[in-house]
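In my numbering, the protein residues as written are 276 to 532.
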């Protein structure tokens, strides 16, 4: 049975069918056992807003109470490095949110991981996409119930772009990249961000590991994204419908913001 884990100080099960570890930067306010949404909206034009303010606006528009990416653990040979990896993910998010003055959305930040050695060890991009898509589809009712009684069913970045972490990505973060609080300006530490809506073209050929061969800037269904700025910068960008295609970089290039 795969484990869905969310890292946060205040613990609450996300879906009845799974086990979770949760993390958020600060304990959210609970109302009748449910997270309280922050509907405070900035008064400036949207394009002038900071990333954290844009996320806050989107949460209000979608009537959602949480944001943050979901990470799939696809390497299991080194538990201590994985724990270090997740610590860095959390630390980077805290630093970047703080630098953009996003204290108002700290309580709604939730960084989650899916872990199951028997199912995810060595899993390819395509396999994780399929699992994530099925999970979102099967759990959509529970997700909406958790987000709030009036939540918009249209999927947000959290439920559209899962993060695939293999050994190469994990070690790029914990060993090769500058360690926080130092900034990773060159994009050494990265993760694989998957577009769950992507479908292969009929002419696309598949590599033996499930990755698609690259031709110029053709979209192969995922891209490497620098961990520095993943929360909130990249998350904010992906709140716009066409942003993934606008900022897409084919692997092994790394998208840096």
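Each residue gets a CB set at the ideal place from its N, CA and C atoms; glycine is no exception.
Between the Cα of residue i and those of the options, spot the shortest distance and give me the residue it belongs to.
i: residue 397; options: 378, 332, 359, 445; result: 445
i: residue 425; options: 453, 450, 399, 336; result: 336
i: residue 501; options: 528, 514, 521; result: 528
i: residue 217; options: 421, 419, 367; result: Lying outside 276 to 532, the shown extent of the chain, residue 217 is not represented and no answer is given.
i: residue 506; options: 469, 381, 442; result: 381
i: residue 476; options: 463, 427, 495; result: 495
i: residue 357; options: 439, 334, 472; result: 439
i: residue 338; options: 417, 467, 462, 423; result: 423
i: residue 499; options: 384, 511, 519; result: 519
i: residue 470; options: 355, 448, 463, 435; result: 435
i: residue 379; options: 418, 359, 334; result: 334
i: residue 455; options: 369, 343, 341; result: 369
i: residue 322; options: 515, 521, 383, 377; result: 515
i: residue 468; options: 332, 342, 393, 404; result: 404
i: residue 450; options: 374, 376, 355; result: 355
i: residue 400; options: 386, 531, 347, 504; result: 347
i: residue 340; options: 418, 363, 359; result: 418
i: residue 402; options: 387, 420, 473; result: 473
i: residue 395; options: 377, 441, 359, 429; result: 441
i: residue 386; options: 377, 365, 409; result: 365
Can you give the Cα-Cα distance for residue i and residue j, rounded to whole angstroms?
i: residue 345; j: residue 432; result: 10 angstroms
i: residue 350; j: residue 320; result: 43 angstroms
i: residue 407; j: residue 389; result: 10 angstroms
i: residue 312; j: residue 352; result: For residue 312, the predicted model reports a pLDDT of 48, less than 50, meaning its position is unreliable and no value from the coordinates is stated.
i: residue 361; j: residue 391; result: 16 angstroms
i: residue 524; j: residue 493; result: 9 angstroms
i: residue 497; j: residue 437; result: 10 angstroms
i: residue 411; j: residue 327; result: 25 angstroms
i: residue 461; j: residue 517; result: 25 angstroms
i: residue 330; j: residue 511; result: 6 angstroms
i: residue 343; j: residue 373; result: 15 angstroms
i: residue 522; j: residue 371; result: 20 angstroms
i: residue 448; j: residue 363; result: 8 angstroms
i: residue 420; j: residue 504; result: 29 angstroms
i: residue 443; j: residue 463; result: 11 angstroms
Ends of the alpha helix (DSSP H) at residue i?
i: residue 370; result: 354 to 374
i: residue 395; result: 392 to 395
i: residue 348; result: That residue, residue 348, is in no alpha helix (DSSP H); its beta strand (DSSP E) goes 345 to 348.
i: residue 509; result: From DSSP, residue 509 is part of no alpha helix (DSSP H); its letter is neither H nor E.
i: residue 336; result: 326 to 337
i: residue 228; result: Since the first residue of the chain shown is 276 and the last is 532, residue 228 is not available in this structure.
So who's on the other strand from residue i, going by DSSP bridges?
i: residue 498; result: 468
i: residue 384; result: 342
i: residue 529; result: 499
i: residue 412; result: Paired residues: none, contrary to the question.
i: residue 439; result: 347, 467
Where does the unbroken beta strand (DSSP E) through residue i begin, and where does it stop?
i: residue 446; result: Segment 442 to 446 is the alpha helix (DSSP H) holding residue 446; no beta strand (DSSP E) there.
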